[in-house]
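See structure below.
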Amino acid sequence: MTVLFSRKCEYALQGILYLAEKQYEGNISAEQIATDLNISRDFISKTLQSLVKDGIIQSHRGKSGGFSLAKDPDSMSLLDIVLIIDGNSVFESCVLGLPTCGAESPCPVHEKWGPIREASRKMLENTTVAQFQPVTGSV
Numbered sequence: 005m006t007v008l009f010s011r012k013c014e015y016a017l018q019g020i021l022y023l024a025e026k027q028y029e030g031n032i033s034a035e036q037i038a039t040d041l042n043i044s045r046d047f048i049s050k051t052l053q054s055l056v057k058d059g060i061i062q063s064h065r066g067k068s069g070g071f072s073l074a075k076d077p078d079s080m081s082l083l084d085i086v087l088i089i090d091g092n093s094v095f096e097s098c099v100l101g102l103p104t105c106g107a108e109s110p111c112p113v114h115e116k117w118g119p120i121r122e123a124s125r126k127m128l129e130n131t132t133v134a135q136f137q138p139v140t141g142s143v
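So the mapping is simple: the numbering used here equals the position in the sequence shown, first residue as 1, plus 4.
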């Protein structure tokens, strides 16, 4: 598990990247996603439903149902997913989780964390889902 993101966010990122990799294979069932990513089917289903509400992916019912991307992977940054699932708090709160830490009462790592937090946000913002897709047709 990552230090910064919730488990739900971590799984949402994995799910989106998985769907992007499989986007030309049609709808992917929650069962297949769960099995391939080694995640509980119920948990990944609920997590992906959060992304359906925000129009990032689509959910399809029926025999050929499952999940698919609703947006072009080039137009989705990793930050988009993080903000939908975890919100902006990961970039605003104390990295140690101390409730009293802030600009007026900083913890010992507050000033060191600021530049790391900003660099992390910028990296997520500048990294698209498409950048994780395998290049097809290459030898």
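We treat Cβ as the ideally placed atom computed from N, Cα and C, and that holds for glycine.
Fair warning: this is a prediction, and the values are worked out from it, not measured in the lab.
Q) So is MET80 buried or exposed if we call it buried at 16+ other beta carbons inside 10 Å? A) Sequence index remark: in the sequence shown, residue 80 carries index 76 (1-based). The residue in question, MET80, is buried, as its Cβ has 16 or more Cβ neighbours within 10 Å.
Q: Compare the beta carbon distance of PHE144 and ASN31 with 8 Å and say whether it is the shorter of the two.
A: Since the first residue of the chain shown is 5 and the last is 143, residue 144 is not available in this structure.
Q: Report the rounded CA-to-CA distance for ALA34 versus GLU14, giving the unit in angstroms.
A: Taking the sequence shown and counting its residues from 1, one reaches residue 34 at position 30. Taking the sequence shown and counting its residues from 1, one reaches residue 14 at position 10. Taking the straight line joining both Cα atoms gives about 16 Å.
Q. Among GLU25, ARG11, LYS26 and PHE136, which residue has its Cα nearest to the Cα of LEU82?
A. Taking the first residue of the sequence shown as 1, we reach residue 82 at position 78. Minimum Cα distance to LEU82 is reached at PHE136.
Q: Tell me whether VAL86 is buried or exposed, calling it buried when 16 or more other Cβ atoms sit within 10 Å of its Cβ.
A: Here the question's residue 86 lines up with position 82 in the sequence shown. VAL86 is buried by the Cβ-count criterion.
(Q) Between which residues of its own chain and LEU21 is the CB-CB distance below 7 Å, once the five residues before and five after are set aside? (A) For the purposes of this step, residue 21 is taken as residue 17 along the sequence shown, with counting starting at 1. Counting only Cβ-Cβ distances below 7 Å, and skipping sequence neighbours, we find VAL133 and PHE136.
Q: Counting only the same chain and skipping the five closest in sequence on each side, list residues whose C-beta sits under 7 Å from that of SER49.
A: Residue mapping note: residue 49 aligns to position 45 of the sequence shown, counting from 1. Within the same chain, SER49 has close Cβ partners ALA34.
**Q.** Status (buried if at least 16 other CB within 10 Å, exposed otherwise) for THR51
**A.** Working through the sequence shown from its first residue, we reach residue 51 at position 47. Looking at its Cβ environment, which holds 16 or more other Cβ atoms inside 10 Å, THR51 is buried.
Q) Along the chain, which unbroken stretches of the beta strand (DSSP E) at least 3 residues long are found entirely within the stretch 60-141? A) 61-64 and 70-73
Q | Nearest to ARG45 (by Cα), restricted to the options LYS126, ALA16, ALA107 and TYR28 | A | For the purposes of this step, residue 45 is taken as residue 41 along the sequence shown, with counting starting at 1. Looking at the Cα atoms, ALA16 is the closest of the given residues.
Q.
For PHE47 and GLN53, I'd like the C-alpha separation in whole angstroms.
A. Position 43 of the sequence shown, counted from the start, is the residue given in the question as residue 47. Position 49 of the sequence shown, counted from the start, is the residue given in the question as residue 53. Those two C-alpha atoms are separated by around 10 Å.
Q) What did DSSP end up calling LYS50 once you bin it into helix, strand or coil? A) As a first step, residue 50 must be located in the sequence shown, where it is residue number 46. Here LYS50 sits in helix by DSSP.
Q) Roughly how far, in whole angstroms, is the beta-carbon of ASP40 from the beta-carbon of ILE88, given that I think they are within contact range, below 8 Å? A) Position 36 of the sequence shown, counting from 1, holds the residue named residue 40. Position 84 of the sequence shown, counting from 1, holds the residue named residue 88. Actually they do not touch by this definition, with Cβ atoms about 22 Å apart.
Q) Helix, strand or coil: which one does DSSP assign to ILE32? A) Within the sequence shown, residue 32 is the residue found at index 28, counting from 1. Of the three classes helix, strand and coil, the one that applies to ILE32 here is strand, per DSSP.
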